[in-house]
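Take a look at the structure below.
In our numbering, the protein residues as written are 881 to 1193.
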């Protein structure tokens, strides 16, 4: 029992760190989006991360890759497509059309989307806390979308793109958790940094050709120290460190605990948008963000509590 509690505590610490770093991705994406196109941002930042990690973990990566089976490679490709490639492209395309603060909060809808997908795809039961959390999230989205006072197609399109990014993140969370359970059963678990490298390498390949069509050399030549620092942060910290912490945490915690800690990311994004980007957020947007965060807590807390009661019974 003590071992399980210790493992769970470390899992929560890993998840808290992962989602804190993930919350900075919105601000980094806004800074980079003013100077670089979406595919170029993704290819260059991931390429930097791969160059740094390969000399450190090269032998472990080669050894792991030789022993991987077809279903493991398929899981890596799916996680790379939904968790990195599609997520980042949708976010980077949506950010210019909406505010960074709203985008951060909208990404916080991922737990509600995850709960719905788990119900529809995996036939997981929807507990009372999950239903209440989903309703809170929907109400928060309605407040955020209506905060501008007047309807704007571009603003709505930006928010929809960010919501689609949140849906991609939800699919990634489900795939990662399912993969972790299969690896535990087979005693063939991937090292977190190796898994991060393989997923990132696949996402890099997905983004490489579209990036080459964006004339990246000219764009990169015009970048200054701020943009290069943001690219390094996006590749090494938001990707390498954040995903490694996530993989360590997700194998130690159930999906509802993971959902609860994902509320850290929108809070960090919203606060950084106000502090660093000086974006004004009205009362309606703060209330909407509060409802989204409350929804995350309901999904993660009450449902987890009910699972614990059932386990003891």
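Every residue, glycine too, gets a C-beta built ideally from N, C-alpha and C.
{"Check": "DSSP-derived helix/strand/coil call for residue 900", "Outcome": "helix"}
{"Check": "Contact under 8 Å by Cβ, residue 1084 with residue 923", "Outcome": "yes"}
{"Check": "Per-residue burial, residue 1105 [other beta carbons within 10 Å of its own, 16 or more giving buried]", "Outcome": "exposed"}
{"Check": "DSSP three-state assignment for residue 1035, whether helix, strand or coil", "Outcome": "helix"}
{"Check": "Cβ distance (whole Å) where residue 1179 is taken to contact residue 1009 below 8 Å", "Outcome": "6 Å"}
{"Check": "8 Å Cβ cutoff met for residue 1146 and residue 984", "Outcome": "yes"}
{"Check": "Spatial distance of residue 1007 from residue 900 (CA atoms)", "Outcome": "27 Å"}
{"Check": "Cβ-Cβ separation, residue 1144 to residue 909 (assumed contact under 8 Å), whole Å", "Outcome": "No, residue 909 and residue 1144 are not in contact; Cβ-Cβ is about 18 Å, not under 8 Å."}
{"Check": "Simplified DSSP state of residue 964, which is helix, strand or coil", "Outcome": "helix"}
{"Check": "Alpha helix (DSSP H) segment containing residue 932, residue limits", "Outcome": "918-947"}
{"Check": "Beta-carbon proximity check, residue 920 vs residue 1071, cutoff 8 Å", "Outcome": "no"}
{"Check": "Residues near residue 1034 by beta carbon distance below 6 Å, same chain, minus five either side", "Outcome": "977"}
{"Check": "Beta-carbon proximity list for residue 1090, same chain, < 6 Å, skipping 5 on both sides", "Outcome": "919"}
{"Check": "Spatial neighbours of residue 1115 in its chain, beta-carbon cut-off 7 Å, leaving aside the 5 residues before and after", "Outcome": "925, 926, 928, 929"}
{"Check": "Cα-Cα separation between residue 1066 and residue 942, rounded to whole angstroms", "Outcome": "Caution applies to residue 1066, whose pLDDT of 49 falls short of 50 and renders its modelled position unreliable; the value that the coordinates give is listed next. Distance between the alpha carbons of residue 1066 and residue 942: 20 Å."}
{"Check": "Residue range of the unbroken alpha helix (DSSP H) whose run includes residue 994", "Outcome": "990-1000"}
{"Check": "Buried/exposed call for residue 889, threshold 16 Cβ in 10 Å", "Outcome": "exposed"}
{"Check": "Cβ-based burial, residue 1109 [other Cβ within 10 Å; buried from 16]", "Outcome": "exposed"}
{"Check": "Residue 970 vs residue 1041 beta-carbon contact at 8 Å", "Outcome": "yes"}
{"Check": "Cβ shell of residue 1168 (< 6 Å), same chain only, five flanking positions each side left out", "Outcome": "1020, 1023, 1024"}
{"Check": "Continuous alpha helix (DSSP H) stretch holding residue 1146: start and end", "Outcome": "1144-1155"}
{"Check": "Test item: CB-CB of residue 1157 and residue 907 under 8 Å", "Outcome": "yes"}
{"Check": "Pick from 972, 896, 948 that is closest to residue 1075, judged by C-alpha positions", "Outcome": "948"}
{"Check": "Residue 938 burial status per 10 Å Cβ neighbour count (16 or more: buried)", "Outcome": "exposed"}
{"Check": "The alpha helix (DSSP H) enclosing residue 1232, as first and last residue numbers", "Outcome": "Residue numbering for the chain in the displayed model covers 881 to 1193; residue 1232 lies beyond these limits and cannot be assessed."}
{"Check": "Cβ-based burial, residue 1113 [other Cβ within 10 Å; buried from 16]", "Outcome": "buried"}
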